[in-house]
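These notes concern the structure reproduced below.
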Amino acid sequence: MMRFLLLFSRQGKLRLQKWYTPLSEREKKKIIRDMTTMVLARQPRTCNFLHWKDLKIIYKRYASLYFCLGVESEENELLGLEVIHRYVELLDKYFGNVCELDIIFNFEKAYFILDEFLMSGEIQETSKQTINRCIENSDMLQEDYNNEWYEVELFG
Amino acid sequence: MGSSEMCRDLAGEVEKLLKTSNSYLRKKVGVLHTSVVLLTEMCERSPDMLAHFRKLVPQLVRILKNLIMSGYSPEHDVSGISDPFLQVRILRLLRILGKSDDDSSEAMNDILAQVATNTETSKNVGNAILYETVLTIMDIKSESGLRVSRFLLNNDKNIRYVALTSLLKTVQTDHNAVQRHRSTIVDCLKDLDVSIKRRAMELSFALVNGNNIRGMMKELLYFLDSCDPEFKADCASGVFLAAEKYAPSKRWHIDTIMRVLTTAGSYVRDDSVPNLIQLITNSVEMHAYTVQRLYKALLDDISQQPLVQVASWCIGEYGDLLVSGQCEEEEPIQVTEDEVLDVLEGLLVSNLSTPVTRGYALTAIMKLSTRFSSVNRIKKVVSIYGSSIDVELQQRAVEYNALFKKYDHMRPALLERMPIMEKTSTNGPTEIVQTNGETEPSVVETKHLPPVTQSTNQVDQTALKNNGLKIDFTFERANPNPNVAVITIHASNLTEADMTDFVFQAAVPKTFQLQLLSPSSNVVPALNQGTVTQVIRVLNSQKQQLRMRIKLTYTLKGSPVQDLAEVNNFPPQSWQ
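Listed below in structure tokens is the structure:
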């Protein structure tokens, strides 16, 4: 089971955080601090797996962003890398050539996609098409909603 | 993944889903995945679920086969492998189901072999599946093909890490297979990556055995030299443990310990110092060699505290061997008493020494007063520290001073060589070492304190009752070692005058071993005002009837008295 997923930049700024276990604010901040220091301190060509307390940390760097996944010790680390990669592919498909700015300005969409893919620490849906279709549907609902408001304003 | 009741309710539903999913595989794969995850959790938590779902194994095997054989499905696949997430989950579930069940293992064997051979390993995905397969193969009861060797030789860091982790798991069950890869593992020690180094170190310690100890130890000591500080403590303790278990000879053992102390001395754990001291005491024939090497090490470097502590303790104990220049194993060095005292005094004044080390050094100097002839110099040193700021040092110095002045007759007896310590508990050696110079003088100090009041212990036996002197024995069993009987004697005096210079001696037949601890006092006060107690420890390894001859000498009204007795009627529970 996955415990948390963090995204942070090379400078240590947190972009996304998703927690799959209940933790207090203090604990979350501590974990974020520990993860950023540990992962950013790693040499470029070292192994992608770390040990932290009783969890395994799987991290991967994509351009300027670090994806950091904390899993329990029975999990398959190589599969964890695949999970990170699948999420990146989903973001890429949706935003079209995704970059850090996309995630900064549309972080709520990033969270929606993540929630479609992972739920309570496990993979929910493995099909890329299904996930994309769900997000597109919710986008269309949002637009309709906005349009309705506009019409109401015009016609009192 | 939901409460246990919910799971039980859903179990039936999930079974149905799995059966239908067979036909609508592609459409319902999301559901299939989650149901497999649910099953895995349920089986992990509850063993009856496990039995219940065992019958699903053939179905799972079929699903897996379909996944591998089925053609290209763009939405689920990752670089040519269809739905690796589902594959891995199914493999994990198969692992749990097949763990201790032969039939399921049989059913799975083929598919596992097929997955293992057909999966392409050029990409990470393939490796992920292969890793899961290997773990499954290892856990279920079948001959493991040990594909791990392929992993270990791979250049990719991630793969190597994963291989080392899985080897660590197998090493408990299949030791020999892992030995084959020993050389590769030892190479991994030299890898730059911290995680890999740590795994390789743990694995190397697990692999050490009587045959490869010398070679492995060389590699591990080299590793200790060059590794990061965070590893040094673990590596040092590991080296000590391995050396203790598999040392081919005492000399090799001591050499290895010396090497660890000199290279990683400051990272060694605190409890290793007493353990080492005990080890050195027990290897009687190596005393001269050990003290010589430690002395030479001390001349080079006094910054590593554990090394300095062990060295100063040994010099205190065996200083006479050092000065006499007798050493068969190595070239004996010529050392004078003054040089040794210089070194120890240097430790006392150096800024690098911690208070504990200073305590060790002072006690060592004191012990040398009975082994060396330059007593005056030692007296001077000890009296200087009587006014030291450090309370611990001051107390020690004052007590040693008292030992020189008032109790000089007791000094040789107190400071003689330590006996061989049996390793009873972790506290044993520490107590003796740390308090060696201390409890002795404090016992001396209590000579003039009021004696112990009449205790209300159960009197198990009266050994002697003669001329107004009564000796009682009470028995108990020493905790860590049931063969040791602890007998406490209580001496009481019924005459009107005190019995002074009271000495109790005991002798036992050859099959026993006797240890007499110090008495509470030398004066048995008159008219039953108090008792003198002394503890005797008897090792009765052959469980024979305990017999003892006791001899008492004391001075009553100015004239010496001697009394002998033989005690044969010990109660059975004291020695059985």
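Keeping their order, the protein sequence lines are chains A and B. Residues in the first sequence are numbered consecutively from 1, following full-length UniProt numbering. Residues in the second sequence are numbered consecutively from 1, following full-length UniProt numbering. For each residue, glycine too, the CB sits at the ideal point set by N, CA and C.
Taking residue i as the reference, give the member of the options with the closest Cα.
{"i": "A/Tyr94", "options": "A/Ser9, A/Tyr66, A/Asp54, A/Asn137", "result": "A/Asn137"}
{"i": "B/Val335", "options": "B/Gln305, B/Ala311, B/Tyr295", "result": "B/Tyr295"}
{"i": "B/Ile333", "options": "B/Ser303, B/Ile365, B/Ala297", "result": "B/Ala297"}
{"i": "B/Lys250", "options": "B/Tyr289, B/Val178, B/Leu32", "result": "B/Tyr289"}
{"i": "A/His51", "options": "A/Leu23, A/Glu72, A/Pro22", "result": "A/Glu72"}
{"i": "B/Phe570", "options": "B/Met548, B/Thr533, B/Lys557", "result": "B/Met548"}
{"i": "B/Met217", "options": "B/Cys227, B/Ser226, B/Ser204", "result": "B/Ser204"}
{"i": "B/Leu67", "options": "B/Ser46, B/Ser105, B/Ile129", "result": "B/Ile129"}
{"i": "B/Val310", "options": "B/Met499, B/Leu168, B/Val260", "result": "B/Val260"}
{"i": "B/Ser226", "options": "B/Leu192, B/Gln292, B/Ser46, B/Lys465", "result": "B/Leu192"}
{"i": "B/Asn158", "options": "A/Glu77, A/Glu89, A/His85", "result": "A/Glu77"}
{"i": "A/Leu80", "options": "A/Ala41, A/Phe67, A/Ile31", "result": "This sequence places Gly at residue 80 of chain A; Leu is not what is there. Here the closest residue by C-alpha is A/Phe67."}
{"i": "B/Ser521", "options": "B/Phe504, B/Gln515, B/Thr511, B/Pro509", "result": "B/Phe504"}
{"i": "A/Asp34", "options": "A/Trp19, A/Ser24, A/Lys53, A/Tyr20", "result": "A/Lys53"}
{"i": "A/Gln142", "options": "A/Val88, A/Glu108, A/Leu114", "result": "A/Glu108"}
{"i": "B/Val382", "options": "B/Ile389, B/Val398, B/Val391", "result": "B/Val398"}
{"i": "B/Gln544", "options": "B/Thr555, B/Val484, B/Gln534", "result": "B/Val484"}
{"i": "B/Met410", "options": "B/Asp501, B/Asn275, B/Ser266, B/Glu337", "result": "B/Asp501"}
{"i": "B/Gln114", "options": "B/Val61, B/Ser104, B/Ser166", "result": "B/Val61"}
{"i": "B/Leu556", "options": "B/Val535, B/Thr495, B/Leu517, B/Arg160", "result": "B/Thr495"}
{"i": "B/Gly215", "options": "B/Glu476, B/Asp472, B/Trp252", "result": "B/Trp252"}
{"i": "residue 665 of chain B", "options": "B/Asn376, B/Met201, B/Val343", "result": "Residue 665 of chain B is absent from the model: chain B starts at 1 and stops at 576."}
{"i": "B/Arg358", "options": "B/Gln394, B/Leu241, B/Phe240", "result": "B/Gln394"}
Which same chain residues, not among the five before or five after residue i, have their C-beta less than 8 angstroms away from its C-beta?
{"i": "A/Pro44", "result": "none"}
{"i": "A/Phe105", "result": "none"}
{"i": "A/Glu75", "result": "Met1, Met2, Lys56"}
{"i": "A/Lys128", "result": "Arg86, Glu89, Leu90, Lys93"}
{"i": "B/Gly346", "result": "Ile302"}
{"i": "B/Val356", "result": "Gln305, Gln309"}
{"i": "B/Leu527", "result": "Asn493, Leu494, Thr495, Glu496"}
Which residues in the same chain have their Cβ closer than 6 angstroms to the Cβ of residue i, if we skip the five residues on either side of it in sequence?
{"i": "B/Glu445", "result": "Note that B/Glu445 scores a pLDDT of 36, beneath 50, so its modelled location is shaky; the value from the coordinates is reported in the next line. If we look at B/Glu445 and ignore the five residues flanking it on each side, it has no Cβ neighbours."}
{"i": "A/Met1", "result": "Glu72, Gly121"}
{"i": "B/Leu415", "result": "Lys367, Thr370"}
{"i": "B/Gly145", "result": "At B/Gly145, the pLDDT of 40 sits below 50, so the modelled position is not reliable and the matter cannot be decided from this model."}
{"i": "B/Gln513", "result": "Leu539"}
{"i": "residue 661 of chain B", "result": "Nothing can be reported for residue 661 of chain B, as the shown portion of chain B is limited to 1 through 576."}
{"i": "B/Val186", "result": "Glu219"}
{"i": "B/Lys379", "result": "Phe404"}
{"i": "residue 577 of chain B", "result": "Examination of residue 577 of chain B is not possible in this model, given that chain B is present from 1 through 576 alone."}
Using DSSP's beta-bridge definition, name the partner residues of residue i.
{"i": "B/Asn466", "result": "B/Leu469"}
{"i": "B/Leu564", "result": "B/Lys551"}
{"i": "A/Trp52", "result": "A/Leu55"}
{"i": "A/Glu77", "result": "According to DSSP, A/Glu77 bridges with nothing at all."}
{"i": "B/Arg537", "result": "B/Val486, B/Gln515"}
{"i": "B/Glu476", "result": "B/Val486"}
{"i": "residue 168 of chain A", "result": "Chain A is shown only over 1 to 156; residue 168 of chain A falls outside these bounds and no answer can be derived."}
{"i": "A/Thr123", "result": "Reading off the sequence shown, one finds Ile at residue 123 of chain A, where the question assumed Thr. Answer by DSSP bridge pairing, in chain order: A/Leu118."}
{"i": "B/Gln461", "result": "B/Phe473"}
{"i": "B/Phe504", "result": "B/Leu552"}
{"i": "A/Gln17", "result": "A/Leu6"}
{"i": "B/Ala491", "result": "B/Ile471, B/Val532"}
{"i": "A/Tyr62", "result": "A/Leu65"}
{"i": "B/Ser559", "result": "B/Leu556"}
{"i": "B/Met499", "result": "B/Val524, B/Leu556"}
To which residues of the same chain is residue i closer than 7 angstroms at the C-beta, ignoring the five residues directly before and after it?
{"i": "B/Ser559", "result": "none"}
{"i": "B/Ser541", "result": "Asn483"}
{"i": "A/Ser9", "result": "Arg15, Ser64, Leu65, Glu100"}
{"i": "B/Pro84", "result": "Val78, Val125, Ala128, Ile129"}
{"i": "B/Leu25", "result": "Confidence in B/Leu25 is poor, its pLDDT being 45 and thus under 50, which makes the residue's placement too unreliable to answer from."}
Please look up how many angstroms separate the CB atoms of residue i and residue j, rounded, as I've assumed it's under 8 angstroms.
{"i": "B/Thr262", "j": "A/Gln124", "result": "Contact doesn't hold; Cβ gap of about 57 angstroms is too wide."}
{"i": "B/Thr533", "j": "B/Thr488", "result": "6 angstroms"}
{"i": "B/Leu50", "j": "B/Leu97", "result": "7 angstroms"}
I want to see whether chain D comes within less than 9 angstroms of residue i, judged by CB atoms only; does it?
{"i": "B/Pro84", "result": "As a matter of chain content, chain D is missing from the structure shown, whose protein chains are A and B."}
Handout entry: Interface positions of the segment 112-144 of chain A facing chain B (Cβ-Cβ less than 8 angstroms), listed along the chain
Key = Ser120, Glu122, Ile123, Gln124, Glu125, Thr126, Ser127, Lys128, Gln129, Thr130
Exercise for the section: Compile a chain-ordered list of the residues in the segment 93-116 of chain B whose CB is closer than 9 angstroms to at least one CB of chain A. Expected result: none
Exercise for the section: Can you give me, in chain order, the residues of the segment 154-172 of chain B that have a beta carbon less than 9 angstroms from any beta carbon in chain A? Expected result: Flagged, chain order: Asp156, Lys157, Asn158, Ile159, Arg160, Tyr161, Val162, Thr165.
Exercise for the section: Using a Cβ-Cβ cut-off of less than 8 angstroms, list which residues of the segment 27-55 of chain A approach chain B; keep chain order. Expected result: Those would be Gln43, Arg45, Thr46, Cys47, Asn48, Phe49, Leu50, His51, in chain order.
Exercise for the section: Residues of the segment 506-534 of chain B with a CB closer than 8 angstroms to any CB of chain A: list them in chain order, please. Expected result: none
Exercise for the section: Taking only beta carbons into account, state which residues of the segment 67-83 of chain A come closer than 8 angstroms to chain B, listed in chain order. Expected result: Asn76, Glu77, Leu78, Leu79, Leu81, Glu82, Val83
Practice task
Please list the residues of the segment 122-142 of chain B that have a C-beta atom closer than 7 angstroms to any C-beta atom in chain A, keeping them in chain order.
Solution key: Asn124, Val125, Asn127, Ala128, Tyr131, Glu132
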